[in-house]
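Notes follow once the structure below has been shown.
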Amino acid sequence: KKNNMDQSHSNTSQTKSTDRKTIEKNRRIQMKGLYSELNSLLPQTSREPLTLPDQLHEAAKYVKKLQDNVEKKRERKSKLVATAASDKLNSTGSLSMSSSVDHFVPRRMPTIEIQETGLILQIFLVTSLEHKFMFYE
1 KKNNMDQSHS
11 NTSQTKSTDR
21 KTIEKNRRIQ
31 MKGLYSELNS
41 LLPQTSREPL
51 TLPDQLHEAA
61 KYVKKLQDNV
71 EKKRERKSKL
81 VATAASDKLN
91 STGSLSMSSS
101 VDHFVPRRMP
111 TIEIQETGLI
121 LQIFLVTSLE
131 HKFMFYE
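Going by the UniProt record's numbering, the final residue of the sequence shown carries number 137, and the count climbs one at a time with no gaps.
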């Protein structure tokens, strides 16, 4: 009877050991796939394959670079939005200082052109896209 129990305990122990090995093998395969996928997302700078620590270092640098680019683009967008809003409010001057660019942007004032041809009087109003006019009757 005791021999039977020892054999049963041995089988259970062996099964647990096999299960742990299988779980670890599957985990390693999954991690290898994830590392490979991460490496495929990085821009290829050299033809030589990188070691795993180098791949992780390059990935961290690349993510930081992308974060910096996103932040710069957000800042630029907010400057452009602020400039567009101030341009709408400041429609009286002929020159306007743009906050997104370090130089003056000339503003084109509306012009009226009148042509008389016999009994016909033609009036042309020429404006830029920045100036919006509403005609009332």
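In this text, a Cβ means the ideal position worked out from N, Cα and C, and glycines have one as well.
Being a predicted model, the structure only gives us computed values, none of them experimental.
Under the 8 Å Cβ criterion, the region 43-54 does not count as touching the region 66-80, having fewer than three qualifying pairs. Contact between I114 and L125 does not hold, since their C-beta atoms are separated by about 10 Å, which reaches or exceeds 8 Å. When secondary structure is reduced to three states using DSSP, E71 falls in the helix class. Rounded to the nearest whole angstrom, the CA to CA distance from L56 to R27 is 18 Å. For L50, the three-state secondary structure derived from DSSP is coil. Comparing C-alpha distances from E58 to each of K21, Y35, T18, M31 shows the shortest one belongs to Y35. Between T83 and P110, the C-beta gap is not smaller than 8 Å, which leaves the two residues out of contact. Nearest to N39 by C-alpha distance, out of T22, A60, I23, E24, is A60. Secondary structure at Q44: coil, using DSSP grouped into helix, strand and coil.
Residue state for L129 is assigned as coil, using DSSP reduced to three classes.
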